[in-house]
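Going down the list, the protein sequences come from chains A and B.
Take 203 as the starting number for the first sequence in the working numbering and just add one per residue.
Take 391 as the starting number for the second sequence in the working numbering and just add one per residue.
Think of the CB as a built atom: it goes at the ideal place given N, C-alpha and C, for glycine as much as any other residue.
Reviewing the structure listed below.
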Amino acid sequence: MTSTTSTTTTAVTLADLTRMLRESAGEEEGVDLDGDVIDTPFIDLGYDSLALLQVIGQIQREYGIEIPDDAVVDAETPGALLALINAGQQSAA
Amino acid sequence: MSTSTSTSTGTSTSTGTGTSTGTGTRTRTVVTGLGITAPNGLGTEDYWRATLAGESGIGPVTRFDASQYPSRIAGEVPGYTAEEHIPSRLLPQTDHMTRLALTAADWALADAGIDTSQLPEYGMGVVTSASGGAVEFGQRELENLWSKGKEYVSAYQSFAWFYAVNTGQISIRHKMRGPSGVLLSEQAGGIDSIGQARRHVRKGFPVVVSGGVDAAVCPWGWVPQIASGLMSTEDDPARAFLPFAADASGYVPGEGGAILVVEDAASARERGAEHVYGEVAGYAATLDPAPGSGRPPGLRRAAENAIADAGLTPEDIDVVFADASGVPALDRAEAEALTGLFGPYGVPVTAPKSMTGRLLAGGAALDAATALLALRDGVIPPTAPVSEAAPEYQLDLVTGAPRERELRSALVLARGHGGFNAALVVRQPVP
Chain A
203 MTSTTSTTTT AVTLADLTRM LRESAGEEEG VDLDGDVIDT PFIDLGYDSL ALLQVIGQIQ
263 REYGIEIPDD AVVDAETPGA LLALINAGQQ SAA
Chain B
391 MSTSTSTSTG TSTSTGTGTS TGTGTRTRTV VTGLGITAPN GLGTEDYWRA TLAGESGIGP
451 VTRFDASQYP SRIAGEVPGY TAEEHIPSRL LPQTDHMTRL ALTAADWALA DAGIDTSQLP
511 EYGMGVVTSA SGGAVEFGQR ELENLWSKGK EYVSAYQSFA WFYAVNTGQI SIRHKMRGPS
571 GVLLSEQAGG IDSIGQARRH VRKGFPVVVS GGVDAAVCPW GWVPQIASGL MSTEDDPARA
631 FLPFAADASG YVPGEGGAIL VVEDAASARE RGAEHVYGEV AGYAATLDPA PGSGRPPGLR
691 RAAENAIADA GLTPEDIDVV FADASGVPAL DRAEAEALTG LFGPYGVPVT APKSMTGRLL
751 AGGAALDAAT ALLALRDGVI PPTAPVSEAA PEYQLDLVTG APRERELRSA LVLARGHGGF
811 NAALVVRQPV P
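Okay, here's the thing in structure tokens:
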């Protein structure tokens, strides 16, 4: 029996998030996701609520975590979404 | 594949003078742009060259494993790489069908020389035809739901499958917020969308994107068509779809279609439109009577009404682009309608869809675009690979080589499964 190492110590980084944004919802022309986007509102990055719903789905699957549906409206920037995700991971631990 | 409709019969006819110029004070509606994605050609000129050369795009199904199904032949659009045509943001939210439609719409608007950002948003509409919606996308997401769970279903499933999605995505992409909609009358829809576009133009909306692009080459799109009993089960692509031939054995489905920019003739002239392919001169739609009623099918009436709507008589029609079912009983019914209206061997008839398959909601739109190209170049494409029509049909079917002749007016016919009939008359633009 091997003990299962939970993923709870793995923090989701901005680089992880931008990768998943690209995979789930594509990248708006004229937007550089590799730039300083941590506090840029998603709407200015070209992502609507459906795009966020899509990427949140991918995060939940990849990290095996639950993110409340309200995150789509509550987290207006990548930084806010990461804070919400990583706080959720710790509380789940 | 579809039911439900919102089309009504053609617009009221008020001229009826039989002159080829008379539409009274009514505004003329013209086609100024074409975008084509077809199994035998990607882009208008590729398609047109292949069609005149008799090159077919029909072959074994490659989009899914059809080996266990009774029908295994389709017309698939070749050489389409979505990433080359569709922005990254739209890729995760679009089905193959919608990508082809967006590409065709881009091409049609560019062909028309229209910069939509320079025109009033609410003066431009979008009306397309659809059959079952984006079934390939929908099937994939439902498979995710059954096999993995709801958290694996794309958020974009909420609209990407929807049969109005082509209209919606074209409208959003080009900021065309005028009167818009979707028509579901199966194969008749491509013509109905053009008729509806003309209606909007006549009400004062100068630019309407119309036509239809469909793509249902996946199990979900396949099974309901098999159930109709009308699909060919022939495995030889050169023999699977032979409309009007003595050995016709049903139809082959295909993907693709055409988008047409329909415009008010006066405003097209004012903005200096580069070219006018032709005038949308006549349109009509009818519904077949209920089975067992004893009354005749409605195709001939649709043709008569469309010709009258154009202010023409059957003698004015230079070529007919037939619905060309490939199902013997339906071929016979269409041949009877044509000989009844034009007399035996009374008009050249062609069915270049023999080289693409029947494109569901895209089929009649592609036929309309093809008829406009025929008017432009004075040439009727052949019904390749059909070598001759069955003699009993008494049709002057254009086979073998294209037939060059001066063409002023063309009649396009379409029948949608479930009793839909539509007819369109396009003619040379008035200088």
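> Buried or exposed: which applies to B/D637, given that a residue is buried once 16 or more other Cβ atoms fall within 10 Å of its Cβ?
Replying inline: exposed
>> Out of B/L797, B/D706 and B/A812, which one is the CA nearest neighbour of B/A804?
In response: B/A812
> Is the segment 608-624 of chain B touching the segment 580-598 of chain B, taking contact as three or more C-beta pairs under 8 Å?
Replying inline: no
> Just the Cα atoms here: how many angstroms apart are B/D678 and B/I649?
Replying inline: 27 Å
>> So with CB distances below 7 Å, who are the chain A contacts of B/Y546?
In response: L252 and Q256
> Can you name the start and end residues of the beta strand (DSSP E) that B/M514 belongs to?
Replying inline: M514 to S519
> Where B/R453 and A/S226 are concerned, what is the direct C-alpha to C-alpha distance, given to the nearest angstrom?
Replying inline: 23 Å
> So, are the CB atoms of A/R224 and A/L216 less than 8 Å apart?
Replying inline: no
>> Rounded to whole angstroms, what is the Cα-Cα separation between B/T413 and B/G701?
In response: In this prediction, B/T413 scores a pLDDT of 44, lower than 50, which makes its location untrustworthy; no coordinate-derived value is stated.
>> Could you compute how far the alpha carbon of B/T411 sits from the alpha carbon of B/A464?
In response: Low local confidence applies: a pLDDT of 39 at B/T411 is under 50, so the model's placement there is unreliable, with the coordinate-based value given in what follows. Cα-Cα distance, rounded: 42 Å.
>> Using a 10 Å radius around the Cβ and a threshold of 16 neighbouring Cβ atoms, would you call B/P460 buried or exposed?
In response: exposed
> Whose CA, out of B/A472, B/T557, B/H564 and B/R489, lies closest to the CA of B/E511?
Replying inline: B/H564
> Of all Cβ atoms in chain A, is any one closer than 8 Å to the Cβ of B/E541?
Replying inline: yes
> Does the beta-carbon distance from B/V467 to B/G646 come in below 8 Å?
Replying inline: yes
> Is there at least one Cβ from chain A nearer than 8 Å to B/R489's Cβ?
Replying inline: no
> How far does the beta strand (DSSP E) with A/Y265 in it reach, from first residue to last?
Replying inline: Here A/Y265 belongs to no beta strand (DSSP E); instead the alpha helix (DSSP H) covers S251 to Y265.
>> Between A/E231 and chain B, is any beta-carbon pair separated by less than 8 Å?
In response: yes
>> Per the DSSP calculation, B/D654 is bridged to which residue(s)?
In response: B/T419
>> I want to verify the contact list: residues of chain B whose CB lies under 7 Å from the CB of A/A227, in sequence order.
In response: R479 and P482
> Touching or not, the segment 748-761 of chain B and the segment 511-522 of chain B, by the rule of three or more beta carbon pairs under 8 Å?
Replying inline: yes
> Along chain B, which residues have their Cβ under 7 Å away from the Cβ of A/G248?
Replying inline: R479
> What residues of chain B sit near A/G259, judged by a beta carbon separation below 9 Å?
Replying inline: E541, Y542, V543, S544 and A545
>> Give me the residue from B/L785, B/G684, B/T676 and B/T773 with the minimum Cα distance to B/H807.
In response: B/T676
> With respect to the beta strand (DSSP E) encompassing B/I616, which residues constitute its N-terminal and C-terminal limits?
Replying inline: No beta strand (DSSP E) contains B/I616, which is instead part of the alpha helix (DSSP H) from P609 to S618.
> According to DSSP, which residues form a beta bridge with B/M621?
Replying inline: B/Y641
> In chain B, which residues lie with their C-beta within 8 Å of the C-beta of A/R221?
Replying inline: Residues of chain B passing the Cβ test: none, with the nearest at roughly 13 Å.
> In three-state terms, what does DSSP make of B/A780?
Replying inline: coil
>> Let's test the definition: count the other Cβ atoms within 10 Å of the Cβ of B/I448 and tell me whether it reaches 16, buried, or not, exposed.
In response: buried
>> Less than 8 Å between CB atoms is the rule here; does B/T413 satisfy it with respect to chain A?
In response: Because B/T413 carries a pLDDT of 44, less than 50, the predicted location of this residue cannot be relied on, and the following value inherits that uncertainty. Not closer than 8 Å to any Cβ of chain A, the Cβ of B/T413 fails to qualify, so no.
> Counting along the chain, where does the alpha helix (DSSP H) carrying B/N556 start and finish?
Replying inline: V555 to R563
> Any idea if B/P742 is buried or exposed, counting beta-carbon neighbours within 10 angstroms, 16 or more meaning buried?
Replying inline: buried
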